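A.B. asks:
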Amino acid sequence: MNKLLMEENDRLQKQVSQLVYDNGFMKQQIHTASATTTTTTDNSCESVVVSGQHQPQNPKTQHPQWDANNPAGLLAIAQETLVEFLSKATGTAVNWVQMIGMKPGPDSIGIVAVSRNCSGVAARACGLVSLEPTKVAEILKDRPSWYRDCRCLNVLSVVSAGNGGTIELMYMQTYAPTTLAAARDFWTLRYSTSLEDGSLVICERSLTSSTGGPTGPAASNFIRAEMLPSGYLIRSCEGGGSIIHIVDHVDLDVWSVPEVLRPLYESPKFLAQKLTTAALRHARQIAQESSGDVHYGGGRQPAVLRTFSQRLCKGFNDAVNGFVDDGWSLMGNDGVEDVTIAINSSPNKFFGSHYNTSMLPAFGGGVMCAKASMLLQNVPPALLVRFLREHRSEWANYEVDAYSSACLKASPYAVPCARPSGFPSSHVIIPLAHTIEHEEFLEVVRIEGNAFPPDDVAWACDMYLMQLCSGIDENAIGACAQLVFAPIDESFADDALLLPSGFRIIPLDPKTDGLASTRTLDLASTLETGSGNARSAGESDSNNYNLRSVLTIAFQFTFENHLRDNVAVMARQYVRNVVRSVQRVAMAIAPSRLSTQLGPKSFPGPPEALTLARWICRSYRLHTCTELFSVESTSGDAILKQLWHHPDAILCCSVKTDASPVFTFANQAGLDMLETTLVALQDIMLDKVLDEAGRKVLCIEFSKIMQQGFAYLPAGICVSSMNRPVSYEQAIAWKVLDDDDSNHCLAFVFMNWSFV
1 MNKLLMEEND
11 RLQKQVSQLV
21 YDNGFMKQQI
31 HTASATTTTT
41 TDNSCESVVV
51 SGQHQPQNPK
61 TQHPQWDANN
71 PAGLLAIAQE
81 TLVEFLSKAT
91 GTAVNWVQMI
101 GMKPGPDSIG
111 IVAVSRNCSG
121 VAARACGLVS
131 LEPTKVAEIL
141 KDRPSWYRDC
151 RCLNVLSVVS
161 AGNGGTIELM
171 YMQTYAPTTL
181 AAARDFWTLR
191 YSTSLEDGSL
201 VICERSLTSS
211 TGGPTGPAAS
221 NFIRAEMLPS
231 GYLIRSCEGG
241 GSIIHIVDHV
251 DLDVWSVPEV
261 LRPLYESPKF
271 LAQKLTTAAL
281 RHARQIAQES
291 SGDVHYGGGR
301 QPAVLRTFSQ
311 RLCKGFNDAV
321 NGFVDDGWSL
331 MGNDGVEDVT
341 IAINSSPNKF
351 FGSHYNTSML
361 PAFGGGVMCA
371 KASMLLQNVP
381 PALLVRFLRE
391 HRSEWANYEV
401 DAYSSACLKA
411 SPYAVPCARP
421 SGFPSSHVII
431 PLAHTIEHEE
441 FLEVVRIEGN
451 AFPPDDVAWA
461 CDMYLMQLCS
471 GIDENAIGAC
481 AQLVFAPIDE
491 SFADDALLLP
501 SGFRIIPLDP
511 KTDGLASTRT
521 LDLASTLETG
531 SGNARSAGES
541 DSNNYNLRSV
551 LTIAFQFTFE
561 NHLRDNVAVM
571 ARQYVRNVVR
581 SVQRVAMAIA
591 PSRLSTQLGP
601 KSFPGPPEAL
611 TLARWICRSY
621 RLHTCTELFS
631 VESTSGDAIL
641 KQLWHHPDAI
651 LCCSVKTDAS
661 PVFTFANQAG
671 LDMLETTLVA
681 LQDIMLDKVL
691 DEAGRKVLCI
701 EFSKIMQQGF
711 AYLPAGICVS
721 SMNRPVSYEQ
731 AIAWKVLDDD
741 DSNHCLAFVF
751 MNWSFV
């Protein structure tokens, strides 16, 4: 593929050079002719085409104000846009730097480059797609189908170019990625044509006072951004398929956003992820689906699943932006401006596409959105979103589970008032679909209803969420990560109503090369002790890693008019609780900033997860003369990772003579077996988990454990925190010794456990 692309690049560079030369020569000829014949006026299309062109090194040349009824003037702008676009797509009109971290190999998306030191931000991609050029062009022109930040795209005028091409005047509105800055809109000219060699070109640029052309529509809630010459060059390949060159070049008016957000609007990597590679990935996805190579469970068609993903993203973007013309209006705050509450009681327009008026009661109601943005320091977005996805109960069980209430009530808009306390719940993720590079997942989350007390029968049933997760690969470019979900009933109907909520985390600074990606396991001790020192401070990546991210949270609720204020109080408090939970998790997974001279023994309280993992494995080997598991690496991080992902449930409990033993640590299997969380684990006592027979066996074997260091326990039954019986084939108990060979805790491994 590289050889083919290099040959294509050389060929196109020569073609662009010839076009630029021809353009300059004809401009000189026209200038000479106009100097000798100043009284001659030629308004023919051919004359205007040439005189309106200029070389790309001078993008600010003033042009007359052409209107939509003057195709000659628009064609001049279109031809100029074509030349400038080709010089970027295959030449050096922009200083391109290839992006680091792109996945190599035959499954690679292609070659991606970003701009350096140019006006605005730009990104370029080149790749192969197994579709014919005309089909590729059709897909790419349908921008709302693949550009998730596109709110709307309206073609206001279509003009024939007279050479088989078309010129379109278009108005596009895009969403703002956060609540901290206004959204952008674009007024552009798009030119579709074919070159002499049969290649298809779709190029586009903004119409401004500098370029000439008619003035576009105005919108009060948007800031007008500029699209510099951009587009797609599509060439047929021998044997089928197409080579696609994509260029996106925009000026987002960075000075109109808060200073803390400017790195985002100045980031070509963010542009590459959200726009450039998104177009190429979408074309490749359609190609693979068309070939019949994609098969999803449940018999769902790929187009239906893509629609679900688009609706989730659009609904979340609408919630984050809260446009007035959609019917949103702000509610007053409670004196603290950390959470913004917006309501929408105008369903006629707002519910037009991805909602339905049947969500609202006949006697009045609407949708309420509670949203907040916050700055995170030294927290990888992919890691945080992955944790939020895998450990939902760590943040979703504080006062009210809004999604549970929406799913469980017979009326989908009935949201209860805040519960005095939340109940931890277990959840199961059911995959539906994923993109070909696994950068995005569509899934159903089943939240088990046994999390609620037995006397609350109305709540004791399973709940379902449709969930979209993206950006959890820390090695992916751009690194924007997102988790969006919406309640859905168990029928999973294709036209199911969706009210999306979720999280979006966007990096503001570039990632530092060499960052280790295995940081999911440090929570065991840091959440427990409140310390962020889960990792040895002497590791190089901790010293070099300095990442700022902006986190946007938005939760949507339906309400009845007479309960609006109550729901607002609940929503505001719920989001504040979620924010606190996320902050606590973020502190736990952030790299340590402490001096390299401080070792694990310098910290008071329980040991760090890395140290505890080493103690557990060393003590097991010392007492039993066997390994707990085959150690792939002697590094503490590797041992902790293996311990965390071990299929058998491994738990530690305190050894105190004056109190009942309580659990202090569990690996993922242990948390699953007990149906609990890392935080709630320390509230569970050992004697409440073991049944009567298990307690008797442990009492008999306890002295043996303290003398010999370990004991084998027979098969038995234990009970989870949700009072569900769990069987296990065998258990081993052993003393965990610290570095001074003092008793630190008691460890258990429950083998081949399963719910009865």
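So for the sequence shown, full-length UniProt numbering puts the first residue at 1; every next one is plus one.
From the three backbone atoms N, C-alpha and C, an ideal C-beta is built for every residue, glycine too.
Keep in mind it's a predicted model, so treat the numbers as computed, not measured.
With 16 other CB atoms within 10 Å as the buried threshold, where does Met751 fall?
C.D. replies: It is exposed - the Cβ of Met751 has fewer than 16 other Cβ atoms within 10 Å.
A.B. asks: Please tell me whether Glu226 and Val250 are closer than 8 Å, where the distance is taken between their beta carbons.
C.D. replies: For Glu226 and Val250, yes; Cβs fall inside 8 Å.
A.B. asks: Span of the beta strand (DSSP E) holding Arg224?
C.D. replies: Phe222 to Arg224 is the span of the beta strand (DSSP E), which, as asked, contains Arg224.
A.B. asks: Evaluate Phe555 with the Cβ neighbour count: other Cβ atoms within 10 Å of its Cβ, from every protein chain shown; 16 or more gives buried, anything less gives exposed.
C.D. replies: Counting Cβ neighbours within 10 Å, Phe555 comes out buried, since at least 16 surround it.
A.B. asks: If you scan the region 101–153 from start to end, which runs of the beta strand (DSSP E) of 3 or more residues do you find wholly inside it?
C.D. replies: Counting only runs of 3 or more, we get 111–115 and 121–129.
A.B. asks: Specify the secondary structure class of Pro71 as computed by DSSP and reduced to three states.
C.D. replies: DSSP places Pro71 in helix when its eight states are reduced to three.
A.B. asks: Distance, Cα to Cα, residue 762 vs Gly471?
C.D. replies: Nothing can be reported for residue 762: it is not among the residues displayed for the chain, which extend from 1 to 756.
A.B. asks: With respect to the alpha helix (DSSP H) encompassing His623, which residues constitute its N-terminal and C-terminal limits?
C.D. replies: That run of the alpha helix (DSSP H) goes Ala609 to Thr624.
A.B. asks: Could you check the C-alpha separation between Lys704 and Phe710 for me, to the nearest Å?
C.D. replies: Looking at the two C-alpha atoms, the distance is approximately 7 Å.
A.B. asks: Contact between the region 238–247 and the region 214–221: three or more CB pairs below 8 Å?
C.D. replies: Contact between the region 238–247 and the region 214–221 is absent, because fewer than three Cβ pairs lie under 8 Å.
A.B. asks: Given this structure, state the Cα-to-Cα distance separating Leu233 from Ile429, to the nearest angstrom.
C.D. replies: One C-alpha to the other measures close to 40 Å.
A.B. asks: Can you list the alpha helix (DSSP H) stretches of 4 or more residues lying completely in the region 247–299, in chain order?
C.D. replies: Within the region 247–299, the complete alpha helix (DSSP H) runs of at least 4 residues are 262–265, 268–271 and 277–290.
A.B. asks: Relative to the C-alpha of Gln707, which residue among Ala122, Trp734, Val749 and Arg392 is closest?
C.D. replies: If we check each option's Cα against that of Gln707, Trp734 comes out closest.
A.B. asks: Using the DSSP secondary-structure output, state which residues sit across from Thr552 in a beta bridge.
C.D. replies: DSSP, once it has assigned bridges, lists Ser373 and Arg504 as partnering Thr552.
A.B. asks: Using the Cβ count rule (16 or more neighbours within 10 Å means buried), how would you classify Ser742?
C.D. replies: Classification for Ser742: exposed.
A.B. asks: Quick one: is Phe755 buried, meaning 16 or more other Cβ sit within 10 Å of its Cβ, or exposed?
C.D. replies: Phe755 should be labelled exposed.
A.B. asks: With a Cβ-Cβ cutoff of 8 Å, do Ile202 and Leu74 count as a contact?
C.D. replies: The answer is no: Cβ separation not under 8 Å.
A.B. asks: Would you identify the three-state DSSP class for Thr340, choosing helix, strand or coil?
C.D. replies: Of the three classes helix, strand and coil, the one that applies to Thr340 here is strand, per DSSP.
A.B. asks: Once DSSP output is grouped into helix, strand and coil, what is the label at Lys89?
C.D. replies: In the sequence on display, residue 89 carries Ala and not Lys. Reduced to three states, the DSSP call for Ala89 is helix.
A.B. asks: Using the Cα positions of Pro268 and Ala113, report the straight-line distance between them to the nearest angstrom.
C.D. replies: Cα to Cα, the separation comes out at about 9 Å.
A.B. asks: Tell me whether the region 713–722 and the region 689–698 touch, counting them as touching only if at least three CB pairs, one residue from each stretch, are closer than 8 Å.
C.D. replies: Touching, yes.
A.B. asks: Ser199 to Pro263, Cα distance in whole Å?
C.D. replies: Taking the straight line joining both Cα atoms gives about 36 Å.
A.B. asks: Restricting to Cα atoms, I'd like to know which of Gly162, Leu195 and Val550 is closest to Ala181.
C.D. replies: Among Gly162, Leu195 and Val550, the Cα nearest to that of Ala181 belongs to Val550.
A.B. asks: Should His427 be labelled buried (16 or more other beta-carbon atoms within 10 Å of its own) or exposed?
C.D. replies: His427 comes out buried.
A.B. asks: Taking 8 Å as the cut-off, does the region 322–339 touch the region 567–577 (at least 3 CB pairs, one atom from each stretch)?
C.D. replies: The answer is yes - the region 322–339 touches the region 567–577, with three or more Cβ pairs under 8 Å.
A.B. asks: Closer than 7 Å: is that where the CB of Ala693 sits relative to any heavy atom of the ligand ATP?
C.D. replies: Questions concerning the ligand ATP fall outside what the structure shown contains, since it holds no ligand whatsoever.
A.B. asks: Based on Cα-Cα distance, which residue from Gln642, His623 and Glu437 lies nearest to Ala609?
C.D. replies: Of the listed residues, the one whose Cα sits closest to Ala609 is Gln642.
A.B. asks: Give me, in chain order, the residues of the same chain whose beta-carbon lies closer than 6 Å to that of Leu686; leave out the 5 immediate sequence neighbours on both sides.
C.D. replies: Hits under 6 Å: Cys653 and Pro661.
A.B. asks: Which value, in whole angstroms, describes the spacing of the CA atoms of Phe557 and Ala568?
C.D. replies: Taking the straight line from one Cα to the other gives about 9 Å.
A.B. asks: When you compare the CB positions of Gly231 and Phe441, do they come within less than 8 Å of one another, or not?
C.D. replies: Going by C-beta atoms, Gly231 is not nearer than 8 Å to Phe441.
A.B. asks: Going by beta-carbon coordinates alone, are Ile488 and Leu498 separated by less than 8 Å?
C.D. replies: Going by C-beta atoms, Ile488 is nearer than 8 Å to Leu498.
A.B. asks: Pick helix, strand or coil for Gln301, following the three-state DSSP scheme.
C.D. replies: If DSSP states are grouped into helix, strand and coil, Gln301 belongs with coil.
A.B. asks: Give every residue of the same chain whose Cβ lies closer than 8 Å to the Cβ of Asp648, excluding the five residues on either side of it in the sequence, and list them in chain order.
C.D. replies: Only Ala669, Val749, Phe750, Met751, Asn752 and Trp753 meet the Cβ criterion.
A.B. asks: Using the beta-carbon count (16 or more within 10 Å), is Gln98 buried or exposed?
C.D. replies: That one is exposed.
A.B. asks: Check each candidate in Ile553, Ile650, Pro500 and Leu228 and name the one with the smallest Cα separation from Ser87.
C.D. replies: For the residues Ile553, Ile650, Pro500 and Leu228, the minimum Cα distance to Ser87 belongs to Leu228.
A.B. asks: Taking just the CA atoms, how far does Leu271 sit from Gly110?
C.D. replies: Roughly 16 Å between the two C-alpha positions.
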